[in-house]
Amino acid sequence: MISALSIDTFETYVHQYLATYNTPGLSLVVTNREQTLYRGLFGWADLERQAPVTAETRFYVASLGKAMTAAVLLQAAEAGDIDLDRPVSDYLPWFQVNSDFDAVTPRHLMSHSSGLICGSDFCPASAYEVLALRETRTTAAPGARFHYSNVGYKLLGQMLAQVYGIPFPTLLQNRLLQPLGMQRSLPCYRGYQDEGNARGYIAATASRPQPSDARLIPSPLDHIDSADGCPVLDSEDMARWLRHLLSDDRNVKAMQTARVTVGEGESYGYGLFLKESEAGPRWHHGGQAPGFLAGVWGCSQTGLAIGIAANGPLRRFMPPPALFDFFEAAVAEKPLPATPSINRYEVHDPAAYEGRFLAGDEAVVFRAEDKRLWLQKGEVTVPAEPRGPRSFFIDHPNLNTFLWTAVRRDNDVTAFYHGDRCWQRQGFETPLPPTNPAWVPLLGSYRSHNPWESNLHLFVREGRLWLHLPMGYWLPLYPTDDPLFFKTDTDPEDPEWLRFDPPVAGRCLRLHKSTCAFYRADT
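Numbering (the working numbering), first residue to last: 4 to 526.
Printed below as a string of structure tokens:
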């Protein structure tokens, strides 16, 4: 069992975290093969009604449902209803994708090795997103490489619905949730129609980064029934599902068998990532949706697993691997690893960023103090809040539209980028490359009604075109022979792309990010 001291240490950390980072609510369970060892329930399931998180509160767990979809597929294969190595089009004749390779099979889809795009939930139901794959092309042979694909799992759901003649959520309920005794779980997310669901929350402004304690508003998600992740679980059903993943079930073992390499020491089975560790292979998966975060982590060799779900952001929370290490030590009565710092402004090596930085005739000064970094502009001084390696959110008027990202040269920070504007360290100023005139019509902001990716921004840095998502994620774009078509990776086997419409009156008004359309916004 878990000692009272270990529980007190963890719960003190969680309460301090929720107060600092404005996360509404959180549920966590720890289980072995036989029983739930710990259940932690924190915060609010519904801020407006001041309804606390309870053992019966259900959380939408998003992509944690992929393993459940894989389990249903393996049952169908075991029953002889589906051959995992036959082309998907044999079961779903209207599925089509442009390809120079062998046909995609269910086995490829379950292991994210089909060569399909990731998909971006651009429509409220999965059928059309699957149909839109005919507008795309696979760039690698099925089974050759890992590329995470939500739409690939949506395709599996459409295939299963076609084979059995019933909607995928009904199949999930009948084939998995009910037999496992997950009686309070729901096979699809229907927002607040279902009493007992936690209400998801997102930052009030989606078009730019926000401080960690930003005002929250309810998530716009209202209905998810696709096989890439649709179930809603309470804490005890989460524990039941984890115990199933710890069992000796033949299909579970198949799910936890490596099928394709993800990276060094990591692979993917069916619906689960697999990570090497000193204690033996661990399986894990995350789930993310507007207003919700979830994760599972377990080790079948030691027979321990954890599951976590939240109805808001979990920025800088103890990551699932560290959570697992903490409770593994607690169960084994070993010394507990340290919990992360709660100080949202703590910066690693802040002195590296100190200095005066110039952009045209404007200047800012970065100053280190203890473990914090401050930005001063004119008479105003504000703290820098770290957001990943070398990036910071700075809540200063006119300086908070983008994250500030440091540029290093030979281990020295020589500049910061804020969007397309470069602030160079005084004494390190160098002429910036000119912008390619052909890119000027493409630059600016674009919006979509997709709640998962509502907006993006195109800008130039150091003579290259970049795509920026408002929460801070950005990536370079790579030109092709078509001046309006760009790839998002130098690897020719990566299937993702951006295509711009021809400019109108000197501006592009629409782009497609793989199959999702975004439209120019003037503000």
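Think of the CB as a built atom: it goes at the ideal place given N, C-alpha and C, for glycine as much as any other residue.
Exposed is the label assigned to V507, since fewer than 16 other Cβ atoms lie within 10 Å of its Cβ. For a cut-off of 8 Å, the C-beta gap from L158 to L112 is around 6 Å, short enough to register as a contact. For Y481, DSSP records a beta bridge to K490.
Between the stretch 281-288 and the stretch 301-314, the count of C-beta pairs closer than 8 Å reaches three or more; the two stretches touch.
Taking 4 residues as the minimum length, the alpha helix (DSSP H) runs contained wholly in the stretch 70-147 are 109-113 and 129-134, in order along the chain.
In this structure, F98 is the residue among E357, A387 and F98 with its C-alpha nearest to the C-alpha of A135. Annotated three-state conformation of W442 is helix, per DSSP. G266 counts as exposed, since fewer than 16 other beta carbons sit within 10 angstroms of its beta carbon.
For the options A257, F62, F360 and W469, the alpha carbon positioned closest to that of W426 is the one of F360. Under the rule that a run must span 4 or more residues, the alpha helix (DSSP H) segments found entirely inside the stretch 298-356 read 323-334. Non-local beta-carbon contacts of F488 in its own chain, meaning distances under 7 Å to residues more than five positions away in sequence, involve W500 and R502 in chain order.
Rounded to the nearest whole angstrom, the CA to CA distance from S250 to V334 is 19 Å. One thing to note: T417 has its Cβ within 9 Å of the Cβ of V410. DSSP, read as helix, strand or coil, puts Q181 in coil. Within the stretch 4-55, complete beta strand (DSSP E) segments of at least 3 residues are found at 28-35 and 39-49, given in chain order. Taking A65 as reference, the option from R148, P293 and L461 with the minimal CA-CA separation is P293.
In this structure the stretch 152-166 lies against the stretch 118-130, because at least three pairs of beta carbons, one per stretch, are closer than 8 Å. In its own chain, leaving out the 5 sequence neighbours on each side, no residue places its CB closer than 6 Å to the CB of P400. Put simply, the stretch 53-73 does not touch the stretch 380-398. Fewer than three CB pairs are less than 8 Å apart. The straight-line gap separating the alpha-carbon atoms of M321 and Y16 is approximately 9 Å.
Here DSSP, grouped into helix, strand and coil, assigns R393 to coil. Counted as a single uninterrupted DSSP element, the alpha helix (DSSP H) harbouring P172 occupies residues F171 to L175. Here P340 has A325, D328, F329 and A332 as same chain residues with Cβ atoms under 8 Å from its own Cβ, once five neighbours each way along the sequence are excluded. DSSP places Q161 in the uninterrupted alpha helix (DSSP H) bounded by N153 to Y167.
Taking each of W407, A313, I311 and T342 in turn and checking the Cα distance to Y356, the smallest one comes out for W407. Burial state of K516 is buried, judged by a 10 Å Cβ sphere holding 16 or more other Cβ atoms. Its chain contains G46, W47, L50, Y204, N314 and G315 as the residues whose beta carbon lies nearer than 6 Å to that of P27, once the 5 sequence neighbours on both sides are disregarded; these appear in chain order.
Secondary-structure assignment with DSSP links C519 through a beta bridge to K516. Counting only runs that start and end inside the stretch 443-470, the beta strand (DSSP E) elements of at least 3 residues fall at 447-450 and 458-464.
Between L77 and A143, the alpha-carbon positions lie close to 25 Å from each other.
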